[in-house]
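J.:
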Amino acid sequence: CDEYGILVWQDFIFSCHIYPLNDPDFVANVRVEVEENMRRLRHRTSLALWCGNNEMEEGWVHWGWDRPENEDLKAAYDKFFHHTLAGWSRDLDPDTPYWPSSPSSDTPFENPRGQAQGDAHYWEVWHGRKPFTAYRTQFPRFMSEFGFQALPPLATIKTFAEKADWNMTSYIMEQHQKNDSGNSLMVGQMLDTFRLPKDFSSLVYLSLVLQAEGIRYGVEHWRRHRDRVGGTLYWQANDCWPVASWSSLDYFGRWKALHYAARRFYAPLLLSIEDEPPAQNVFVTNDQVEAWQGELRWSLETLTGTELAAGTEAVDAAPLVTTPIKNFDFAEHMDDDSRRALLFVAELWSAAGCLTRQTAYFAPTKHLLLTDPGLSASCHVVDDQLEVTLQGQALARLVELALDGVDVVFSDNYFDLPAGRSRTITCPLPAGWTIARAEAALQIRSIYDSY
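Per our numbering, the sequence shown starts with residue 41, numbered consecutively.
What follows is the structure, given as structure tokens:
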């Protein structure tokens with residue numbers, strides 16, 4: 041993290057439980073642990089914040105802990121996290137901020153879920169089964185926890201499940217799902233967005249892109265409102281065993297679709313679309329310290345590439361703010377049927393070329409009139425990098441690339457490719473491989489191939 045400039049929110053290791061903080065011996069033991077770890081980590085340039093605990097204040101306020109028999113433990117919690125640990129932290133590392141709990145308003149037991157101050161956790165989309173659009177109802181000062189599950193990639197599932205167990209409700213698959221109702225929550229949200237998958241491999245793929253789309257939806261919303269929302273942390277980065285989970289990296293370090301999406305939605309210069317069909321509203325969030333000038337190129341087109349409207353807009357994105365570029369209303373171009381065959385494409389261009397592309401739709405993906413995109417791929421090897429250039433005759437929604445039998449990280453993955461565009465993706469050529477072997481191993485699919 042020091043090397044790559046990744047800021048670390050460092051918890052003290054207390055979470056989701058009532059601890060005996062009224063026991064002097066326990067507190068003395070904790071002090072040894074705190075001092076050892078703070079001395080070990082306090083010099084790190086990546087260290088951004090010490091947080092007293094995870095979701096313990098939430099427990100006292102919302103989980104039924106606040107009962108008469110726990111009165112002494114509640115008082116001990118307040119004393120320890122708001123005074124004792126805060127003092128130790130101030131003495132040992134006065135340069136790094138201390139925050140008592142997450143989420144917290146910084147006032148003991150006062151509305152830890154509030155959005156006026158402090159940080160917030162939001163789990164109504166996952167545990168509450170609300171749609172991804174619910175993220176847009178949230179405007180906390182800092183969104184420090186939210187998430188959505190996906191299955192691990194099929195290559196990982198193969199390490200713990202025989203083919204006979206490749207079913208969401210098999211005994212083995214349910215043993216590798218440790219969240220109550222996790223599989224049904226995943227499938228329910230999946231059917232809100234996609235059609236029923238044709239096989240288990242497609243189910244895994246849909247779970248991966250569903251997770252990526254959902255978290256993207258939230259992060260882009262909060263980044264558009266960076267004057268109000270100071271940042272986001274999604275739950276979670278990685279796994280401690282091969283399992284269905286909220287992670288973007290699985291147990292073996294394989295990139296799930298969310299990890300590729302995170303690289304895009306956390307880019308310093310973000311193009312995003314607030315879709316409110318038939319309206320599409322375009323924004324540029326510039327987290328760089330210098331202004332950015334360029335051009336927005338946009339088009340309304342059919343899924344097979346026929347252009348219905350198009351234009352350009354000058355973009356002057358000031359540093360460290362979100363700039364609204366233009367609000368589009370395409371009501372005159374569609375009705376209830378034709379909207380299923382349309383997409384909106386927005387691209388940011390500079391003198392160097394197209395920097396980023398976003399697509400938005402006027403109907404759920406399951407209702408889009410997708411046709412076979414007819415994807416073609418040409419492969420070349422340049423400086424030990426495999427270059428794959430893709431082109432299609434119709435929209436390829438959420439394109440997945442893989443090399444059968446080997447793990448690689450592509451320059452991008454799980455992206456939309458509108459009709460008539462080409463896209464070149466790279467990855468390291470596996471050691472000892474020829475281009476012929478890479479071409480034979482290359483696997484490509486999109487949403488059209490999932491049903």
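Using N, Cα and C, we set each Cβ at its ideal position, and we do this for glycine too. Computed from a predicted model, the values in this text were never measured in an experiment.
Do you know offhand how far serine 303's Cα is from histidine 102's?
T.: It should be noted that the sequence gives arginine, not serine, for residue 303. Each residue's Cα considered, the two are about 34 Å apart.
J.: Cβ atoms of glutamine 398 and leucine 311: under 8 Å apart, would you say?
T.: Yes, the pair counts as a contact, with Cβ atoms nearer than the cut-off.
J.: Output the boundary residues of the alpha helix (DSSP H) element that contains lysine 114.
T.: First-last of the alpha helix (DSSP H) with lysine 114: 111 to 119.
J.: If leucine 61 and tyrosine 117 are in contact, beta carbons under 8 Å, what's the gap, nearest whole angstrom?
T.: Going by Cβ atoms, the distance from leucine 61 to tyrosine 117 rounds to 6 Å, so yes, they are a contact pair.
J.: Let's test the definition: count the other Cβ atoms within 10 Å of the Cβ of tyrosine 211 and tell me whether it reaches 16, buried, or not, exposed.
T.: Exposed: under 16 other Cβ atoms inside 10 Å.
J.: Helix, strand or coil for leucine 441? Go by DSSP, reduced to three states.
T.: Note: leucine 441 maps to strand in three-state DSSP.
J.: Less than 8 Å between the C-beta atoms of aspartate 159 and arginine 181, yes or no?
T.: In this structure, arginine 181 lies closer than 8 Å to aspartate 159 by Cβ.
J.: Below 7 Å, is the gap between the Cβ of alanine 354 and the nearest heavy atom of the ligand ZN?
T.: Among the components modelled here there is no ligand, and therefore nothing to report on the ligand ZN.
J.: Under 7 Å Cβ to Cβ from threonine 272, same chain only, skipping five residues before and after it: list those, please.
T.: These residues qualify, in order along the chain: Met183, Val259 and Trp262.
J.: With C-beta atoms as the reference, is glycine 92 less than 8 Å away from proline 140?
T.: Their beta carbons are under 8 Å apart, which means glycine 92 touches proline 140 by this criterion.
J.: Just tell me which of Val269, Ile255 and Asp232 has its CA closest to the CA of histidine 299.
T.: The candidate whose alpha carbon is nearest that of histidine 299 is Ile255.
J.: Please state whether the Cβ-Cβ distance between phenylalanine 121 and glutamine 155 is less than 8 Å.
T.: No, the pair does not count as a contact, with Cβ atoms beyond the cut-off.
J.: Quick check: the stretch 458 to 474 against the stretch 218 to 233, are there 3 or more CB pairs under 8 Å?
T.: Touching, no.
J.: Find the nearest neighbour of glutamate 95 within the set Tyr257, Leu457 and Glu185, judged by alpha-carbon distance.
T.: Answer by Cα proximity: Glu185.
J.: Please report the distance separating the alpha-carbon of glutamine 433 from that of proline 413.
T.: About 5 Å.
J.: Helix, strand or coil for lysine 296, going by three-state DSSP, please let me know.
T.: Here lysine 296 sits in coil by DSSP.
J.: Taking the alpha-carbon of arginine 337 as reference, which of Ala349, Asn326, Glu330 and Thr344 has the nearest alpha-carbon?
T.: The candidate whose alpha carbon is nearest that of arginine 337 is Ala349.
J.: By Cβ distance below 6 Å, which residues in the same chain neighbour tryptophan 206 in space, the five residues on each side in sequence not counted?
T.: If we look at tryptophan 206 and ignore the five residues flanking it on each side, its Cβ neighbours are Phe240.
J.: Between Phe66, Leu47, Phe450 and Val74, which lies nearest to proline 297 when the distance is taken from Cα to Cα?
T.: A quick correction: the sequence has alanine, not proline, at residue 297. It is Phe450.
J.: Compare the Cα-Cα distances from alanine 392 to each of Gly334, Pro317, Tyr257 and Arg82 and report the closest residue.
T.: Comparing Cα-Cα distances from alanine 392 to each of Gly334, Pro317, Tyr257 and Arg82, the minimum goes to Gly334.
J.: On the DSSP letters alone, give me the boundaries of the alpha helix (DSSP H) that tyrosine 245 sits inside.
T.: That run of the alpha helix (DSSP H) goes 240 to 264.
J.: Select from Met208, Ser418, Ala354 and His407 the residue whose C-alpha is nearest the C-alpha of tryptophan 389.
T.: If we check each option's Cα against that of tryptophan 389, Ala354 comes out closest.
J.: Please go through the same chain and pick out, in chain order, the residues whose beta-carbon is closer than 7 Å to the beta-carbon of glycine 351, but skip the five residues on each side of it.
T.: Closer than 7 Å at Cβ, skipping near neighbours: Trp338.
J.: Where does aspartate 133 sit, in a helix, a strand or coil, going by DSSP?
T.: Here aspartate 133 sits in coil by DSSP.
J.: When we look at the beta-carbon of isoleucine 313 and count the other beta-carbons within 10 Å, is it buried (16 or more) or exposed?
T.: Isoleucine 313 comes out buried.
J.: Taking threonine 196 as the reference, give the member of Thr209, Met213, Phe188 and Leu309 with the closest Cα.
T.: Checking every option, the nearest Cα to that of threonine 196 belongs to Met213.
J.: Give the straight-line distance between the Cα atoms of glutamate 97 and glutamate 73, rounded to the nearest whole angstrom.
T.: For glutamate 97 and glutamate 73, the distance between alpha carbons rounds to 21 Å.
J.: Should aspartate 279 be labelled buried (16 or more other beta-carbon atoms within 10 Å of its own) or exposed?
T.: It counts as buried.
J.: Report yes if the CB atom of asparagine 453 is closer than 8 Å to the CB atom of leucine 443, and no otherwise.
T.: No, these two residues do not count as a Cβ contact at 8 Å.
J.: Using only alpha-carbon positions, find the residue among Leu87, Ala331 and Tyr44 that is nearest to proline 359.
T.: Closest by alpha carbon: Ala331.
J.: Quick one: measure Cβ to Cβ for leucine 457 and alanine 481, integer angstroms, because I've assumed they're closer than 8 Å.
T.: In fact, because the Cβ distance is near 20 Å, the residues do not count as touching under 8 Å.
J.: Mind checking who valine 48 pairs with in its DSSP beta bridge?
T.: Its beta-bridge partners are Leu87.
J.: Check this for me: beta carbons of proline 318 and phenylalanine 370, under 8 Å apart or not?
T.: Contact flag set, yes.
J.: Could you give the first and the last residue of the continuous beta strand (DSSP E) run that contains tyrosine 162?
T.: That residue, tyrosine 162, is in no beta strand (DSSP E); it is neither H nor E in DSSP.
J.: With a CB to CB cut of under 6 Å and the five nearest residues on each side skipped, what residues in its chain are close to valine 385?
T.: Closer than 6 Å at the Cβ level, and outside the excluded window around valine 385, lie Ser339, Thr399 and Pro458.
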